[in-house]
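Protein sequence lines correspond, in order, to chains D and A.
For the first sequence, the working numbering gives the first residue as 1, with consecutive numbering after it.
For the second sequence, the working numbering gives the first residue as 315, with consecutive numbering after it.
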Amino acid sequence: MSSQFVDFNADGHLDFIAATYEGTVFLVAGSEDGWGQPQHLEDAKGRNIVISLYYDMEDNEYKNANRSPEGQKDSGDHCVSATVFDWDDDGDLDLLLGAYGGALYRQMNEGKPGAPAYTGVNIPVEADGEPFEMRGGLTAARLVDWNGDGLQDLVCGGFKGGVSLLLNVGQRGAPRFGAPTTLIKKSKQLAGPREGLYVDPVDYDGDGDLDLLVGGIALVPSKETALSDTEADNLDRWTKRLEGLEAQSDALYEQLKEESANLSKKEKRAALKEFQSGEAMQGLEEAIVRFQKKVGKLESPPARESGIWLYRRR
Amino acid sequence: MLGLIVPQALILKPMNKRHSTFALVTLSCAVAPVAAALGHSGSCSDETSLFDAPEALLTADSPFTGQMYPSPVLRDIDGDGKAELVVGDLPGRMRFATRKGNGLQWSKLNPMKSGDEPLRLNNW
């Protein structure tokens, strides 16, 4: 659950907004007396702000509410983050809603500062002309002027690792985001967080550039268990075999990526499906799973541990 | 219900559907000690990165372990001119720490409160 601190109701006090896995958005108003109780943020029709999937606390079940633009099918997406941003530069705060699946939507405010009137309609945010999707899921998007051009850019964290930057190549009141670039790789080899990366771009060390503060989950190697000589030999042999198989798999996926570079998204999906269901790939996958099980029996899985890390800008 | 709503990242399973992340972790950075995994070592840093290797922030002298998907925000929330570290988490808690010195050290986490009660945003 990420939060954004902002004077939402224009009363001179800092408030904050956040979305939870309930699929809704909360406002906590600040005042001279401190923080108020969390309130659901509502649209102009008095409905809770959602993307689609939300948890109905009265009926105790998840439900869908289609809030896609008229004529478009229900996205089915689940809101897990919210941030406000004056998208159209009209002086009020519009909403950016992040979906668990990786998409990002905007919902416009047709009210005025202190008296919002959200349309209830979620419009996909595009990156480089295509609906943006953070692969592996979007924890939350943050707004910051990354390149100092006076426009708000987007920094997005991934549930399955990685942090992406979408530069705003539009203009004030008409944002347009370019293709995502990588700020933190989804790497299995680097220290630090691997999953659930929540990011805050901020000049932590006061040196004039933006660092990244990142919350997330690291995978900590377990203490090695004592193995017999035979087990140790097997582990070494099977590990090397597994590495080889995975390298083969990676090479094939890379080849597919290159070969389908000029295809449409639909064609790419079809090509991927055909590739994954092919005999060669099926056999390779089965072998990988077989050796993973063998190796897994001799290894303890790494522990998952949370943390907050500072990535200082070089 | 939980099967539907718990984020995939919470489930102990390979991050990549094709690979066992756990196996790969052990293969690649396997020799790195716990401290390295939590970010105290630059040995696994990426030379092409815009950033130095990650450094773990500390709360009361220990890493921020034991949190459920912490989301940090650095912001002066009490108007004292100093930024607090606000940490939201999966269960909907909002807590904050104050900085100790100019480095990576922070106080223990304290609940943000509404009146006398800790703030908690409803989750599912």
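Don't be surprised by glycine CBs; every beta carbon is placed ideally from N, CA and C.
Computed from a predicted model, the values in this text were never measured in an experiment.
Item: 8 Å contact criterion, which D:Val199 and D:Gly157 should meet: CB distance rounded; Value: 4 Å
Item: Opposing strand residues paired with A:Ala411 [DSSP bridges]; Value: A:Leu399
Item: Short CB-CB distance (under 7 Å) between A:Pro264 and chain D; Value: Absent from the structure is residue 264 of chain A, since the part of chain A shown begins at 315 and ends at 438.
Item: DSSP-derived helix/strand/coil call for D:Glu32; Value: coil
Item: Beta-carbon proximity check, A:Trp420 vs A:Thr379, cutoff 7 Å; Value: no
Item: Per-residue contacts from D:Phe132 into chain A (C-beta, under 8 Å); Value: Ordered by position in chain A, no residue passes the 8 Å Cβ test against D:Phe132, which lies about 19 Å from the chain.
Item: Cross-strand partners of A:Trp420 (DSSP beta bridge); Value: A:Thr373 and A:Arg413
Item: Strand pairing of D:Glu243, partner residues [DSSP]; Value: According to DSSP, D:Glu243 bridges with nothing at all.
Item: Local conformation of D:Thr24 per DSSP, three classes; Value: coil
Item: Within-7 Å CB hit, A:Leu423 to chain D; Value: no
Item: D:Val28 CB to nearest heavy atom of the ligand MG below 6 Å; Value: The ligand MG is absent from the structure shown, which contains no ligands of any kind.
Item: Residues bridged to D:Lys268 (per DSSP); Value: BP columns for D:Lys268 are empty, so no partner.
Item: Residue-level contact to chain D via CB, A:Gln381, 7 Å cutoff; Value: yes
Item: Neighbour flag for D:Ala251 against chain A, beta carbons, 7 Å; Value: no
Item: Where the segment 24-38 of chain D meets chain A: residues whose CB sits under 9 Å from a CB there; Value: Thr24, Phe26, Val28, Gly30, Asp33, Gly34, Trp35, Gly36, Gln37 and Pro38
Item: Range covered by the alpha helix (DSSP H) that runs through D:Gln282; Value: Glu279 to Leu298
Item: Within the segment 72-158 of chain D, ranges of the alpha helix (DSSP H) (whole runs, at least 4 residues); Value: none
Item: DSSP bridge partner residues for D:Asn64 (one or two, in chain order); Value: D:Leu53
Item: D:Ile308 - containing beta strand (DSSP E), residue span; Value: Ala303 to Tyr311
Item: Boundaries (first-last residue) of the beta strand (DSSP E) holding D:Val202; Value: Glu195 to Val202
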